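In the numbering used here, the protein residues as written are 33 to 1122.
Beta carbons: idealized from backbone N, C-alpha and C, even for Gly.
Just so it is clear, the structure is predicted and the values come from calculations on it, not from any experiment.
Here the structure is laid out as structure tokens; the discussion comes afterwards.
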Amino acid sequence: MTPARELDPEEFKVAKSHLNFPVVGFGASAGGLGALQKLLRKMPPSPGMAFVVVMHLSPEHESMLGTILQRSAALPIVTVTQSTPIEVDHIYVISPALKLVMSDGHLHVAPLTTLQARGSSIDLFFRTLAQAHQERAIAVVLSGTGSDGAQGLRRVKELGGVAMAQSLEDAEFDGMPRAAIQTGVVDFVLTLEEMPPKLALLWENARCLALPHPPAGLEVHESTGEAEVLAEEALLSIKALLRERTGHDFSNYKRGTVLRRIERRMQVTAVADLPAYRQLLDTQPKETSALLQDMLISVTNFFRDPEAFDALREALKHVIDDRPAGTPFRAWVAGCATGEEAYSVAIVLRELLGPHGPQIQVFASDIDERAVASARTGVFPLSIAADIDPQRLSEFFVQEDDSLRVSKALRETVIFSAHNLLSDPPFTRLDLICCRNVLIYLNRAAQAQALRSFHFSLKLHGLLFLGSSETADAADGLFDDVDKFKRIYRVGAKSIRSRVLPPIPTRIPDVHVALTPIVYATPQKPLLEQLHERIARSYAPPSVLVDKDDTVLHVSARASHLMRVPEGAPTYKLLELIRPELRVELRTAIHRAAETGSNIEAARVCLPINGVSHAVIMTVRPAIDETPKGMMFIVFNEVQESLTFPLAEQSGRDAVNEALEAELLQLQSRLKNTVGESTAFTEELRASNEELQTINEELRSTTEELETSREELQSVNEELTTVNTELLLRVEDSTKLNDDLHNLMNSAEISTVFVDRDMKLKRFTPQAATLFNLLKADMGRPLLDITHRLDYPELSKDVRSVVRNLTRSEREVRSHDHRWFLARIVPYRTAEDRIEGAVLAFFDITSRRLTEDRLRLSEQRMQLVAQSMRDYAIITMDASGVIVTWSAGAEKIFGYAPEEAIGQSFSLIFLEEHRLAALPERELHKASELGRADDDQWHLRKDGDRIYCSGITVPLEGNGNAGFAKICRNFTQEEFRERQRESALQAERATRDRLQEASILKDEFLAVVSHELKNPLSVIKMNAQMLARLPGVHGNERALRATASIETAVSSQVQIINDLLEFSRANMSKLVLTLSYFDLAETVRNITES
């Protein structure tokens, strides 16, 4: 199964940055915005570094993070949406739904396609930040929930960067800072006020650091001259101090690794050079522990380099297919750090072998005891979900609050122990060894020793799995390639014959001794000592140190030309390595020196060296008092033959003869001595030959058995030590758990009784003694034999039913003193999911029963009130609108009996068109949102009649029972009367409108008529006036009266017409009426006369 994973920084090819300024990464979540604003306000305008902000942003909304932060920052802010180069004194912020990765001074973006990856985007960024910028990387974890960023800080510190976290008191949400601090890798825990000056101080100090011969890629000043000598002495002293105070020897570590670790501590402690840091170790002993943790820091993650794990999976299939069925599979993860890689290997093996396959034993070891202790817990932050396939996550992990714990089945396959790869015996009879990213820190000799140990530990065809930057080249052909690119190797049949257990050095005792400070004032003496040592090494004669068995312990630099490596299996025996010409004389001299205990000088031996004949004089010196007994020191003095024996240089026949005679005499003397010694040896050998022959076969078989037993004992001893440590830890955990349980039972006010399957008493809380007459001596007695104060005759039946059916039982029971208890009985389950009895818990619910009784009485009263109000419908419903109660008034108004309405949706009283428009649901929603919903509309009775009701609907809350109440009244008659009144009003308004229209027509008619009438009247009046002026009429009294009468009548008619016009104008609001006095008598008179 190949997991579907988010792009991991291990898969992204990260190139080392060329930038010469620090890059600070800020990781934040909840509460992080305010923290960033406060921090940026305190940041100087030109800090000389770049900043990258990664926050958990919602992908569904456009982010305003850059705009908001720009208000608080003096530096320009760039929102990263594509590949962007990093510039000094700039701030870069993440875009929603994207993750940031870094390579060679550029920020690259990639989509976040899984929910798990969104919760670990800070970890993903910190990893690439560390790989790209290494010692120039600074990672800061700010306020937030969860644990994102904690794992990324490990990688930052591993590669030489600085890790910071916001103090818990200063953070609004302390989840992320707390997780970061708990990793133990945080260098500074600071408030937001303290961070900007600390960042400036770190950068200022980083530009002043000086180291002797710094490794490539480490951007510091190089110490020269006298400072270089002082720095080298300080470096040696620091290593010695670590060895003496902590018991850890780092002499086998690469020089560059050691310098990088020390440089990181110098940067953190603001120290500029090695001598000053050495003095700091004397004045601040705690710094030794901090340096040790930096030296031991090892970072890993689950399924690091997934393609390599896929290749390992394929290689393991062949190993598993070739193994005998049922044989346990044994693996060793060396340098396991905090356990991620060990559990990854265990998961792969479990998937390949299946849950019912052979036993899996994964031995996981590391030199760092703190890391091993963390690995044993099997607890990891939620951010590991970004590295693990969801299916594996659900199968092999269990979530606990804000963390993930490995499953019990997986945990039991892995055994952790503190183990030194170079000084402790290795595990044996292994099928797989996984040692990734450990050898890269060791020098070549230590790598070879470790690889020989692995070769000794693995079975034939066993696999070795190394890191991507490591090879097995230092093993001199002990391993065959399986996948050279993924660093997977196999123990071949040819190399199995040369299997030897490499010598295991004595472990350095774990002592803590303060060293005398070194005085750096006089560098001349160390220089002279070093010069003297180099001269002595260059001009001293060749020499070899051997033990009592002639095994070579040490060879000087100039003795290599006197030895030859024989064919076949490697050997350390001097007499097999020495050149054949020297073998006879050397054997004789060693034998005589061992017998006499004095210095023995062997006879001269002529030996051609580089085409020139040399005389070699070998001196054997037995051990002195300070060396172990049996050791011998052999010195080879070489003299050119021409200095004492003239050969080619001499001229003449006599000189040649003399030389040949001298050599012949020498050979005769050597032969005579050899014959004598041979005779003595022959006698001794003849005496012991028979005895040796009789025991030879026994020794051979015994040796083979002892060798096998020794290997097995070493492995068993190591396993026993590891298992014993594991058992001690589990005993401690069990003791703590027992203490917690005991205190919980004593403090809980719940009467609890534990019984087994036979209902025999196993344990009880002190509170249980108030219900049952229990004593400590009652343990093991049947519970039914013990009297109690409960009216609970079904006790035995309920317990047996729970144990038999694996269900739970709850019942309210009453005690003899009139108290009420909730009796809850559940099965007693073990960690292996076996039922071993039952747990009886009794909760005192007396106060709750009293409250329920009072509520029940109150409810009955309310029901009586509701039933008595027959003019009002009172209906209660649950949260979904299902009718719970139906009053008598509701029955009267809507026609449904209670048994017909209860259980139905209250929409049954709504009209069909209202139901289709979802009016009942909207009414409940409005009541829930606003607290009430008015209801004045037509409803439907059971008989199909429509009735008009007015009421309200309100939400009900309390006792956890949410719902609604609807109160309404039938206003159908009132509605009819209202409608009749409205109809009458409408008819009246129509009549008034018609009269208004008639009045308008009348006014218009009067206007026209007045105009038509005034003209003739004016003509009549004018003619009457002309008639009165005629000569014949002027004296005629009667004619004058007639003309005056005509004029008066015409004037009256004109006045009537004018009055009609004014009345019309007044009705049309065109004339403003004013009150005034008038003479009524005159008006009557005028009318009478007219």
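Can you tell me whether residue i is helix, strand or coil according to DSSP?
| i | result |
| --- | --- |
| G869 | strand |
| K557 | Caution is warranted here: a pLDDT of 42 is assigned to K557, below 50, making its placement in the model unreliable, and the coordinate value is therefore given only provisionally. Of the three classes helix, strand and coil, the one that applies to K557 here is helix, per DSSP. |
| P229 | helix |
| R881 | helix |
| P209 | helix |
| Y1109 | coil |
| A18 | The shown model of the chain, from 33 to 1122, leaves out residue 18, and the question about it has no answer. |
| P1048 | helix |
| T111 | strand |
| T917 | strand |
| Q391 | coil |
| R362 | strand |
| H593 | helix |
| P612 | helix |
Quick one: Cα of residue i to Cα of residue j, how far?
| i | j | result |
| --- | --- | --- |
| T603 | G509 | 17 Å |
| L1123 | R795 | Lying outside 33 to 1122, the shown extent of the chain, residue 1123 is not represented and no answer is given. |
| H50 | A169 | 12 Å |
| S95 | V55 | 23 Å |
| A340 | K518 | 5 Å |
| S779 | P798 | 9 Å |
| S485 | R461 | 12 Å |
| A687 | V667 | Any answer about A687 is weak, because its pLDDT of 49 lies below 50 and its placement is not dependable; what the coordinates show is given next. Taking the straight line from one Cα to the other gives about 31 Å. |
| F677 | I649 | Any reading at F677 needs caution, since the residue's pLDDT is 40, under 50, leaving its predicted position unreliable; the model's value is listed next. One C-alpha to the other measures close to 14 Å. |
| D772 | Q183 | 31 Å |
| A396 | W364 | 6 Å |
| E1079 | L1092 | 20 Å |
| L191 | D515 | 27 Å |
| E681 | L474 | Per-residue confidence for E681 stands at a pLDDT of 40, beneath the threshold of 50, marking its modelled position as unreliable; the derived number appears in the next sentence. Roughly 53 Å separates the two Cα atoms. |
| L224 | A67 | 7 Å |
| T332 | E373 | 7 Å |
| N469 | S501 | 7 Å |
| S115 | L161 | 15 Å |
| G494 | V858 | 50 Å |
| F942 | L972 | 6 Å |
| P128 | V84 | 14 Å |
| T784 | S199 | 43 Å |
| V1086 | R1011 | 51 Å |
| L490 | N52 | 46 Å |
DSSP has residue i in a bridge; who is on the other side?
| i | result |
| --- | --- |
| E432 | S435 |
| T116 | L139 |
| M134 | L139 |
| E633 | T651 |
| P859 | A870 |
| P413 | S435 |
| G216 | None; G216 has no bridge partner. |
| E254 | L243 |
| W970 | Y980 |
Considering only the alpha carbon of each residue, which of the options lies closest to residue i?
| i | options | result |
| --- | --- | --- |
| R1073 | S1084, L1017 and Q1057 | Q1057 |
| L234 | S710, R287 and V303 | V303 |
| E444 | R861, G80, E826 and R762 | R762 |
| D830 | D342, L988 and R840 | R840 |
| A450 | N1055, G371, A378 and A357 | G371 |
| H88 | F53, G499, F488 and L174 | L174 |
| S439 | L951, I818, N1090 and L425 | L425 |
| V652 | G629, V671 and E670 | G629 |
| E826 | P814, A407, V845 and E226 | V845 |
| A82 | A950, V584, H165 and E932 | H165 |
| L935 | G913, E955, A922 and A272 | According to the sequence provided, residue 935 is Gly. The question's Leu does not apply to it. If we check each option's Cα against that of G935, G913 comes out closest. |
Using 8 Å as the Cβ pair cut-off and three pairs as the minimum, do the stretch 606–621 and the stretch 633–645 touch?
-> By the criterion of at least three beta-carbon pairs nearer than 8 Å, the stretch 606–621 is in contact with the stretch 633–645.
Do the stretch 994–1005 and the stretch 906–922 make contact, defined as three or more Cβ pairs closer than 8 Å?
-> Judged by Cβ distances under 8 Å, the stretch 994–1005 makes contact with the stretch 906–922, as three or more pairs qualify.
Can you find at least 3 beta carbon pairs, one from the stretch 102–121 and one from the stretch 260–267, that sit closer than 8 Å?
-> No, the stretch 102–121 is not in contact with the stretch 260–267.
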